[in-house]
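Peer 1: Residue numbers (this note's numbering), protein chains in the order written: chain Y, 202 to 467; chain F, 8 to 290.
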Amino acid sequence: MMEALQFDFMQHALLAGILVSFAAGIIGSLIVVNRMVFLAGGIAHTSYGGIGLAVYFGLPIFLGASLFAVGAALLIAALTLKKRHRMDTFIGLIWAVGMAIGVIFVDLTPGYNVDLMSYLFGSILAVSKEDLYFMAVLLTVILAVVTLRYRDILAVSYDSEYAGLRGVNVRFFYTLILILSALTVVIAIKVVGLILVIAMLTIPVYIAEKLSASLFTMMFLSGAIATLFTLVGLWMSYTYDLTSGASIIIVSAVSLGFFLLFNKRI
Amino acid sequence: MPIIKIKELSFAYETQTVLEEINLVVEEKDFLAIIGPNGGGKSTLLKLILGINDYKQGSLKVLGKAPKDSLTQMGYVPQNTNVNTDFPIKVIEVVMMGHVDGKRPLFGYGKDEVLCATGALKQVGMADFAQTKIGSLSGGQRQRVMIARALCAHPQILILDEPTSSIDITGQREIYELLKVLNEHITVIVVSHDISVILEYANKAAHVNKKLSYHDISDKHSTFHTHGNDGHFCEIELLQMLGAENCDTCTSTGSVTVHSTGSVYDNKKSVLAPVEGKWRLKP
Numbered sequence: 202m203m204e205a206l207q208f209d210f211m212q213h214a215l216l217a218g219i220l221v222s223f224a225a226g227i228i229g230s231l232i233v234v235n236r237m238v239f240l241a242g243g244i245a246h247t248s249y250g251g252i253g254l255a256v257y258f259g260l261p262i263f264l265g266a267s268l269f270a271v272g273a274a275l276l277i278a279a280l281t282l283k284k285r286h287r288m289d290t291f292i293g294l295i296w297a298v299g300m301a302i303g304v305i306f307v308d309l310t311p312g313y314n315v316d317l318m319s320y321l322f323g324s325i326l327a328v329s330k331e332d333l334y335f336m337a338v339l340l341t342v343i344l345a346v347v348t349l350r351y352r353d354i355l356a357v358s359y360d361s362e363y364a365g366l367r368g369v370n371v372r373f374f375y376t377l378i379l380i381l382s383a384l385t386v387v388i389a390i391k392v393v394g395l396i397l398v399i400a401m402l403t404i405p406v407y408i409a410e411k412l413s414a415s416l417f418t419m420m421f422l423s424g425a426i427a428t429l430f431t432l433v434g435l436w437m438s439y440t441y442d443l444t445s446g447a448s449i450i451i452v453s454a455v456s457l458g459f460f461l462l463f464n465k466r467i
Numbered sequence: 008m009p010i011i012k013i014k015e016l017s018f019a020y021e022t023q024t025v026l027e028e029i030n031l032v033v034e035e036k037d038f039l040a041i042i043g044p045n046g047g048g049k050s051t052l053l054k055l056i057l058g059i060n061d062y063k064q065g066s067l068k069v070l071g072k073a074p075k076d077s078l079t080q081m082g083y084v085p086q087n088t089n090v091n092t093d094f095p096i097k098v099i100e101v102v103m104m105g106h107v108d109g110k111r112p113l114f115g116y117g118k119d120e121v122l123c124a125t126g127a128l129k130q131v132g133m134a135d136f137a138q139t140k141i142g143s144l145s146g147g148q149r150q151r152v153m154i155a156r157a158l159c160a161h162p163q164i165l166i167l168d169e170p171t172s173s174i175d176i177t178g179q180r181e182i183y184e185l186l187k188v189l190n191e192h193i194t195v196i197v198v199s200h201d202i203s204v205i206l207e208y209a210n211k212a213a214h215v216n217k218k219l220s221y222h223d224i225s226d227k228h229s230t231f232h233t234h235g236n237d238g239h240f241c242e243i244e245l246l247q248m249l250g251a252e253n254c255d256t257c258t259s260t261g262s263v264t265v266h267s268t269g270s271v272y273d274n275k276k277s278v279l280a281p282v283e284g285k286w287r288l289k290p
């Protein structure tokens with residue numbers, strides 16, 4: 202393992218793993234306490250539409266996926282704020298249509314067959330310097346938002362009706378949480394892929410929730426737990442020559458199993 | 008100046024009329040109980056007072072202003088406080104949510120805010136639980152925390168939507184005793200099904216079922232006795248009590264009273280007394 206760290210791509214993979222895990226831990230906490238897991242899944246799959254469009258028009262993949270995911274997040278925010286009871290239908294619809302758009306645009310792209318699998322299951326060994334910058338900037342934005350606007354986010358997540366009565370702009374913060382989720386999903390696609398991203402956003406969070414007395418502790422504990430899982434998963438992937446994204450998820454799931462066995466407070 | 012003044016207020020969700028020509032005046036330090044059947048519009052009336060719903064017909068003034076401009080003067084305890092009990096949040100953090108958006112530090116909470124929240128928790132007898140996770144409290148304790156949250160902004164009016172629906176009888180009494188103490192300084196409005204308890208503590212009762220009939224019950228104590236040993240009786244009996252007999256605008260069918268108009272019915276001089284085995288308001 203140590204000799205592997207001399208390679209650039211391995212260093213990039215580790216750094217990306219840490220940055221993405223921390224972002225996923227924090228945003229995953231918000232997704233779980235706001236009961237938006239299905240919603241995040243929808244955004245993750247929809248972002249494949251952005252990947253397809255980016256490939257077709259020759260744009261950077263990250264840019265295409267981010268714009269498309271944020272667009273989907275805004276659409277979902279607008280729909281769910283208006284018709285909350287029909288939310289699941291809309292999300293299922295956006296989920297499938299986004300993927301379909303992606304597949305069709307990849308088909309239409311002449312002479313270039315993008316490796317679909319690398320987006321579905323991650324390709325952490327192919328993280329570039331630019332990807333790392335993007336991840337670092339996003340993590341900084343997330344940290345700034347959750348520390349400086351912690352009270353508003355807490356109020357909207359815990360009791361949005363009451364938050365509204367106390368003058369908090371519920372729509373704004375709800376939409377903000379969704380946009381940050383969309384961007385986090387996009388960077389997590391690099392590490393674990395868009396199918397597995399949901400596990401990364403929920404397993405560490407579930408463990409942290411049981412161990413935390415406040416949302417703030419939960420967010421940072423989730424980040425730390427997610428980082429641990431990612432590092433162990435990467436080590437496993439390297440040692441046994443397995444797909445990295447799937448390894449990370451299996452490590453997380455097995456850890457969750459042990460946690461449930463030994464934590465009697467559940 | 009009345010605390011709340013509602014005139015000819017009507018409200019409808021899309022095509023379904025929920026409230027019709029409501030008239031209501033709440034004075035300072037009143038303890039108003041809002042009763043009525045499920046779906047009768049009680050919660051809707053509260054939401055209108057709180058400015059959550061917009062009305063189209065009639066007028067509604069809270070402290071002489073539109074509800075949305077008086078939000079900081081109103082403390083609100085929502086109906087169901089048992090949702091989201093898994094949420095990782097400490098009691099003190101819940102209470103501090105009651106603070107109105109104003110000057111605040113860049114990060115975390117201000118010292119004065121913490122002091123104020125601790126004070127509110129003391130007022131409701133929950134000071135020892137400040138650092139406890141909200142999910143590990145009992146229903147009654149959680150309700151107290153929600154009252155503390157409402158008190159945090161030093162409101163002139165405290166509005167509670169069925170505050171005791173998920174609490175046992177002892178817990179209910181404790182909550183109402185607490186409200187009684189708070190009522191010495193602030194106006195209290197309670198939506199409730201706990202009729203017997205309400206009657207002991209409220210000085211006015213409004214029965215809402217699309218329309219509103221209003222009763223002053225502040226004189227009840229002179230002759231008021233509950234029947235049974237547990238001091239509890241059901242809504243039907245109360246409706247009989249507050250119902251028809253003395254009210255020439257209401258019609259009584261069987262044991263359930265149907266109010267046919269929304270006229271205000273002042274009953275200052277009447278008292279509650281048993282008539283033919285039923286409780287009635289007697290002049």
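In this text, a Cβ means the ideal position worked out from N, Cα and C, and glycines have one as well.
Return the CA-CA distance between residue 173(F) and residue 38(F), expressed in angstroms with no decimal places.
Peer 2: When rounded, the distance between both Cα atoms is 21 Å.
Peer 1: Tell me, which residues are paired with residue 18(F) by DSSP?
Peer 2: 26(F)
Peer 1: Closest to residue 310(Y) by C-alpha separation, out of 381(Y), 347(Y), 252(Y) and 320(Y), would be which residue?
Peer 2: 252(Y)
Peer 1: Leaving out five residues on either side along the sequence, give the residues of the same chain with a beta carbon under 8 Å from the beta carbon of residue 403(Y).
Peer 2: Closer than 8 Å at the Cβ level, and outside the excluded window around residue 403(Y), lie 229, 232, 233 and 238.
Peer 1: Are the C-beta of residue 363(Y) and some C-beta of chain F separated by less than 8 Å?
Peer 2: yes
Peer 1: Output the residue ranges of the alpha helix (DSSP H) runs that lie fully inside the segment 394 to 428 of chain Y and measure 4 residues or longer, sorted by chain position.
Peer 2: 398 to 412
Peer 1: What separation, rounded to the nearest whole angstrom, lies between the Cα atoms of residue 267(Y) and residue 362(Y)?
Peer 2: 30 Å
Peer 1: Within 8 Å of any Cβ in chain Y, is that where the Cβ of residue 164(F) sits?
Peer 2: no
Peer 1: Which residues of the segment 44 to 75 of chain F have a Cβ closer than 9 Å to any Cβ of chain Y? Give them in chain order.
Peer 2: Those residues of the segment 44 to 75 of chain F that come within reach of chain Y (Cβ to Cβ, closer than 9 Å) are 57, 58 and 59.
Peer 1: Going by Cα to Cα distance, which pick from 48(F), 164(F), 219(F) and 216(F) is closest to residue 34(F)?
Peer 2: 164(F)
Peer 1: Going by C-alpha to C-alpha distance, which of 83(F), 92(F) and 42(F) sits closest to residue 104(F)?
Peer 2: 83(F)
Peer 1: Expressed to the nearest angstrom, what Euclidean distance is found between the alpha-carbon atoms of residue 365(Y) and residue 53(F)?
Peer 2: 15 Å
Peer 1: In three-state DSSP terms, what is residue 38(F)?
Peer 2: Strand, per DSSP.
Peer 1: Going by C-alpha distance, which of 431(Y), 435(Y), 281(Y) and 461(Y) is nearest residue 205(Y)?
Peer 2: 435(Y)
Peer 1: Along the segment 382 to 398 of chain Y, where does the CB come closer than 7 Å to a CB of chain F? Name the residues.
Peer 2: none
Peer 1: In chain F, which residues lie less than 8 Å from residue 349(Y) when you measure between Cβ atoms?
Peer 2: 113 and 114
Peer 1: With a CB to CB cut of under 7 Å and the five nearest residues on each side skipped, what residues in its chain are close to residue 157(F)?
Peer 2: 82, 83, 84, 105 and 165
Peer 1: By Cβ distance, which residues of its chain are closer than 8 Å to residue 217(F), with the 5 residues on each side in sequence left out?
Peer 2: 24, 25, 26, 27, 47 and 48
Peer 1: By the 10 Å Cβ neighbour count, where 16 or more other Cβ atoms means buried, how is residue 201(F) classified, buried or exposed?
Peer 2: buried
Peer 1: Please classify residue 324(Y): does DSSP put it in a helix, a strand, or coil?
Peer 2: Annotated three-state conformation of residue 324(Y) is coil, per DSSP.
Peer 1: Given a cut-off of 8 Å on the beta-carbon distance, is the pair residue 139(F) and residue 101(F) in contact?
Peer 2: no
Peer 1: Starting from the Cα of residue 192(F), find the closest Cα among 206(F), 149(F) and 130(F) and give me that residue.
Peer 2: Out of 206(F), 149(F) and 130(F), 130(F) has the C-alpha closest to the C-alpha of residue 192(F).
Peer 1: Below 7 Å on C-beta distance, what does residue 128(F) contact in chain Y?
Peer 2: By Cβ distance, chain Y contributes nothing, its closest Cβ being about 16 Å from residue 128(F), past 7 Å.
Peer 1: Does the pairing of the segment 60 to 77 of chain F with the segment 143 to 151 of chain F give three or more beta-carbon distances under 8 Å?
Peer 2: Judged by Cβ distances under 8 Å, the segment 60 to 77 of chain F makes no contact with the segment 143 to 151 of chain F, as fewer than three pairs qualify.
Peer 1: In whole angstroms, what is the alpha-carbon distance linking residue 277(Y) and residue 220(F)?
Peer 2: Their Cα atoms are separated by approximately 44 Å.
Peer 1: Grouping DSSP H, G and I as helix and E and B as strand, with all else coil, what is residue 65(F)?
Peer 2: strand
Peer 1: Would residue 31(F) and residue 55(F) qualify as a contact pair, given that the criterion is a beta-carbon distance under 8 Å?
Peer 2: no
Peer 1: Using 10 angstroms around the beta-carbon of residue 369(Y), count the other beta-carbons present and answer buried if the total reaches 16, otherwise exposed.
Peer 2: buried
Peer 1: Give the single residue among 75(F), 96(F) and 155(F) whose Cα lies nearest to the Cα of residue 126(F).
Peer 2: Ranked by how close their Cα comes to the Cα of residue 126(F), the residues 75(F), 96(F) and 155(F) have 155(F) in first place.
Peer 1: Could you name the residues of the same chain whose beta carbon sits closer than 7 Å to that of residue 181(F), not counting the 5 residues immediately before and after it, in chain order?
Peer 2: 147
Peer 1: Could you pull out every residue in the same chain whose Cβ sits closer than 7 Å to the Cβ of residue 464(Y), ignoring the five residues on either side in sequence?
Peer 2: 411
Peer 1: In three-state DSSP terms, what is residue 73(F)?
Peer 2: coil
Peer 1: Against chain Y, with Cβ distances strictly below 8 Å, would residue 170(F) count as a contact?
Peer 2: no
Peer 1: How long is the line joining the alpha carbons of residue 218(Y) and residue 240(Y), rounded to whole angstroms?
Peer 2: 23 Å
Peer 1: Since residue 414(Y) meets chain F, which of its residues come closer than 7 Å, beta carbon to beta carbon?
Peer 2: 95, 97 and 140
Peer 1: What residue range is occupied by the uninterrupted alpha helix (DSSP H) comprising residue 49(F)?
Peer 2: 49 to 56
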